[in-house]
Structure formats: C-alpha cells, structure tokens
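First up is the structure itself, then whatever we jot down about it.
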Amino acid sequence: MLDSEVIKKDFIFFLKEKLGFNDNEIYINPNIVLKNKDKTLIEKFLKLKEEGIPLDYILNSSKFHEYEFFVDSRVLIPRPETEIIIDYVKNRFSSSIKVLDAGTGSGCIGISIALQNPSLKVYGSDRSADALNVAMINKNNLNVDNFFLVHADWLSSFKKESFDLIVSNPPYIADQDPHLENLKHEPNSALVAKDNGLRDIRLIVEQSTEVLKGGGMLMLEHGYQQQEEVENILKKNHFVEIANLKDYQDLPRITLGTLQ
Ligand SMILES: C[S@@+](CC[C@H](N)C(=O)[O-])C[C@H]1O[C@@H](n2cnc3c(N)ncnc32)[C@H](O)[C@@H]1O
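Each residue of the sequence shown is one higher than the one before, starting from -3 at the first, in my numbering.
As structure tokens, then:
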C-alpha cells in the first residue's frame, strides 16, 4: 500500500475513533465547521503521521487478542502473530500452573494469558523499568488480579524450578537487518539481539533449564527464518517434543519444547 493511502486510512480511523466523526461528516458534508479543539488534534495527528509515528503510538492504544492495551514509545507495539501463543496456552493448559512471560513489554502476552485463564498465576518480567511502567498501566486498566510484574534480566532473578510454563517474545532481529529501517520508532532494546538475532533466545533457553520445573514447557517467538536454529538450541539444552506453530501467513514463528 502507498504511504499516502496508509495515512488516509489511519486518518479516517482517527477521525472516527478519537474525534467521533461519522461517515457523513467525513465523506459527504464539505462545509463541516471544525471546533478549535478538533482542529488542533487533527493538526497534531497529521504532523506525527508525517514523521512516521505508528498509529498505535499516536492513539496510545493497541488491540491485542480480545483486549485494548495502552502503548507508547517505551514498548513494542503488540503484533498479531504473537496472539497465537495466547490461543495455544488456552487450549493446552487448564490446571492452576505458574507461568512466566519473559520480556513482557506492554504486558500483552502475560495479561492476555492471565485474563483468558483466571486459575493461572502469571508473572511478567522485563529488564526495562519503562516497559514495566506501561505493563502496570495495562494491569490496572484491565483489572488483572492474577498477573504480577517483576524487574529482571531474563530469568536470572528466579529460583530454580519456579515455573511450569515460560513464554517469551524476545528481541530477535540481527543488528544489520534492513527491516529495522521501518521500525525506528520502536525501542531498539525490544527488537535487536546480538549473534545474528539469537543471543537472547539462547540465553532464555539456557536459563530456562534451571527455572522451569521438569516436564515444563518453553514457548519462544522468533523470526520466520530462525526456526531451525531455535530448534537446535532447544535440543542442545535437553528439550524434547519440539514443535512449531505457524503465523497467519503460514510462516514458522513460534517454537516450543518440553524440558526433559
Ligand atoms: C520483542 S519485545 C516483546 C514485548 C511483548 N512481550 C510483546 O510481545 O509485544 C521484547 C521485550 O524484551 C525486553 N528485554 C530485552 N532484553 C531483556 C533482558 N535482558 N531481560 C528481560 N527483558 C528484556 C524488552 O525490554 C522488551 O520489552
């Protein structure tokens, strides 16, 4: 889609969602008189769009699974492919297990799992204090009683055998990846990992062998070309029953394994 078409689509969404305009006011009535307040908001919106700021940051809102999350430039904007984790966990686990969402960002994964499965105890951890502040806003906005936040560098602060399930959407983009050009408004620390994008995945897998209970599961989101390498890292670290979930474009984006 052309840039100007994206701006037009986002602008119409903004007029409807934020300013409450209807189709008649947007498309038909050429003589509409804008209130000063709306005029200022429209000018601000167009300036931010021109700078390339993503719509979700402008609106401070992102839809993920069934829920609306507050977002700003301190956290990654939740992506639709990550929702696959939520559905998998809902269908697979029913008893009251302990879950960690490592690198929780806005809290979108951990909070959605907690809301979908009220009997689970879900922890969300992040190294970024800024991200944890955003996750706290979402915990409060969505009234989640079974979601708890922890400031931690991956799994280093957790006791041995603390969790039945660890899920993570870690940074996995290599620092020279040309896709980063289109992601420059999102935090680099949420996107980029050393060793060709695999450093954080490797750390999480290695640390999971201590922090997961025996028979516990690890689920990792990764780039669609990283499936084989992620599987090998899991195998090397005594994970079995390794499986892969595909995204809506049929690309392998989530790999999971059970700790032997
Ligand atoms: C790709 S974002 C995912 C955010 C959110 N879970 C989602 O799916 O939208 C990765 C997150 O990992 C966090 N992170 C990066 N390095 C970390 C580390 N060493 N320990 C804990 N969290 C880390 C980042 O701050 C960021 O919030």
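We treat Cβ as the ideally placed atom computed from N, Cα and C, and that holds for glycine. Bear in mind the structure is a predicted one, so any value in this text is a computation, not a measurement.
Bridge partner(s) assigned by DSSP for residue i
i, result
"Ile162", "Leu96 and Leu214"
"Ile169", "Val188"
"Phe144", "Tyr119"
"Pro248", "Lys242"
"Leu255", "Phe235"
Unbroken beta strand (DSSP E) run spanning residue i, endpoints
i, result
"Ser121", "Lys117 to Asp122"
"Val85", "From DSSP, Val85 is part of no beta strand (DSSP E) but of the alpha helix (DSSP H) over Glu79 to Arg88."
"Ser58", "Ser58 to Phe60"
"Asp63", "The sequence given here places Tyr at residue 63; Asp does not occur at that position. Here the beta strand (DSSP E) through Tyr63 covers Tyr63 to Phe65."
Coarse secondary structure for residue i, derived from DSSP in three states
i, result
"Lys31", "coil"
"Phe17", "coil"
"Leu257", "Absent from the structure is residue 257, since the part of the chain shown begins at -3 and ends at 256."
"Glu202", "helix"
"Lys209", "strand"
"Lys45", "helix"
"His181", "coil"
"Gly193", "helix"
"Val226", "helix"
"Pro174", "helix"
"Pro74", "coil"
heavy atom of ligand 3 below 8 Å from residue i C-beta
i, result
"Gly193", "Summarising the ligand content, the structure contains ligand 1 and does not contain ligand 3."
Enclosing alpha helix (DSSP H) for residue i [first to last residue]
i, result
"Phe10", "Asp(-1) to Glu13"
"Lys135", "Ala125 to Asn137"
"Gln222", "Premise fails: Gln222 is in no alpha helix (DSSP H) and is neither H nor E."
"Leu55", "Leu51 to Leu55"
"Ile22", "Run containing Ile22: none; DSSP gives neither H nor E here."
"Ser108", "Cys104 to Gln112"
Integer Cβ distance of residue i from residue j, believed to fall under 8 Å
i, j, result
"Leu138", "Ile169", "In fact, because the Cβ distance is near 28 Å, the residues do not count as touching under 8 Å."
"Leu51", "Asp34", "About 18 Å separates the two Cβ atoms, so there is no contact after all."
"Phe154", "Val118", "Wrong, their Cβ atoms sit about 14 Å apart, outside the cutoff."
"Ala239", "Leu230", "About 10 Å; that fails the 8 Å criterion."
"Asn233", "Val188", "About 23 Å separates the two Cβ atoms, so there is no contact after all."
"Ile8", "Ile24", "No, Ile8 and Ile24 are not in contact; Cβ-Cβ is about 13 Å, not under 8 Å."
"Ser338", "Ala125", "The shown model of the chain, from -3 to 256, leaves out residue 338, and the question about it has no answer."
"Gln256", "Val236", "5 Å"
"Tyr53", "His181", "7 Å"
"Gln298", "Ser121", "Here the chain has residues from -3 to 256 only, and residue 298 is not among them."
"Glu157", "Lys242", "Going by Cβ atoms, the distance from Glu157 to Lys242 rounds to 31 Å, so no, they are not a contact pair."
"Ile80", "Ile250", "6 Å"
"Leu44", "Glu13", "That belief does not hold up - the Cβ atoms of Leu44 and Glu13 are roughly 15 Å apart, past 8 Å."
Report yes or no: do the region 88 to 107 and the region 134 to 152 share at least 3 C-beta pairs separated by less than 8 Å? yes
Stretch pair the region 65 to 78 + the region 148 to 156: three plus CB contacts closer than 8 Å: no
Check whether the region 57 to 70 touches the region 19 to 30, counting contact only when three or more Cβ pairs, one atom from each stretch, lie closer than 8 Å. no
For the 8 Å Cβ check, are there 3 or more pairs between the region 213 to 221 and the region 157 to 174? yes
Do three or more CB pairs link the region 80 to 95 to the region 109 to 126 at distances below 8 Å? yes
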